[in-house]
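Asks:
In my numbering, the protein residues as written are 11 to 277.
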């Protein structure tokens, strides 16, 4: 097999959760370009329809389903339906997630549990649903979208950091438990990425200066820029392909070097 062929996803079925837009959408498009058949879900029909329209605009024949990934019965039904209508899932990207930026002492236990449910319990539920068919078919790839908060803390994100730290360890445990079945489970930890949600934080101020948070991120990032969703595509295709067959239990941080850097010295 040639080296470029080892990155091919031809003939593979990839399920990317919550991939109507944003990071999940970009990863799905990249996997399609590498040859995979794309399947995605979202929480309601409006978001699924939005995603289907976006994929169609790019010439991608994706299949979209409504499914709450925190509902184990719904997930099991979704995986069975995908297997029947498209084929067994070879690649799973646990992308669906939420964040609540609330100081810890102001956050209710119910709000904390909701973040844990979506960001940690759901990847457990969906992974558990696809692993049996991966074992039957001789292997598979699971990619968990982790975070720099899998390693770092920050004010107002206690639930998110707890969930993403847990997801890092779930990634390692899936690798430990199912590696002998040729299942590789790895994570991607995005840095600060340019998305519509972060656009207000990157707007120039009236005097032409950077938004304070934008200036903070640029100062903390050796690459001196925000990442783009395209920056995540290559790592995702690598971790979904045969090129990564001996990479297991690893979190690949795509962060422009933030985690390696202590930051600029104050002037």
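In this text, a Cβ means the ideal position worked out from N, Cα and C, and glycines have one as well.
1. At what residue ranges does the segment 48-113 contain a whole run of the alpha helix (DSSP H), taking only runs of 4 or more?
2. What would DSSP say about residue 228, mapped onto helix, strand or coil?
3. Using C-beta distances below 6 Å, list every residue in its chain close to residue 65, excluding the 5 sequence neighbours before and after it, in chain order.
4. Under the three-state reduction of DSSP, which class applies to residue 211: helix, strand or coil?
5. From this set, 55, 200, 25, which residue's C-alpha is nearest residue 238's C-alpha?
6. Can you give the Cα-Cα distance for residue 146 and residue 254, rounded to whole angstroms?
7. Which same chain residues, not among the five before or five after residue 260, have their C-beta less than 6 Å away from its C-beta?
8. Which term fits residue 115, buried or exposed, when burial requires 16 or more other beta carbons within 10 angstroms of its beta carbon?
9. Three-state secondary structure (DSSP) at residue 151?
10. Quick one, are the C-beta atoms of residue 129 and residue 107 less than 7 Å apart?
11. What are the start and end residues of the beta strand (DSSP E) that includes residue 118?
12. Using the Cα positions of residue 206 and residue 30, report the straight-line distance between them to the nearest angstrom.
13. Using 8 Å as the Cβ pair cut-off and three pairs as the minimum, do the segment 174-186 and the segment 211-228 touch?
Replies: Let me lay it out:
1. Segments of the alpha helix (DSSP H) lying fully in the segment 48-113: 55-67, 82-95.
2. Three-state result, residue 228: helix.
3. Cβ contact annotation for residue 65 (same chain, cutoff 6 Å, sequence separation greater than five): 72, in chain order.
4. Secondary structure of residue 211 (DSSP, three-state): helix.
5. For residue 238, the closest C-alpha among the options 55, 200, 25 is that of 200.
6. Going by the C-alpha atoms only, they are around 20 Å apart.
7. Taken in chain order, the residues that qualify are 196.
8. By the neighbour-count criterion, in which a residue is buried when 16 or more other Cβ atoms sit within 10 angstroms of its Cβ, residue 115 is exposed.
9. Here residue 151 sits in strand by DSSP.
10. In this structure, residue 107 lies closer than 7 Å to residue 129 by Cβ.
11. Unbroken run through residue 118: none, as it is neither H nor E.
12. So the alpha carbons of these two residues sit roughly 13 Å apart.
13. Touching, no.
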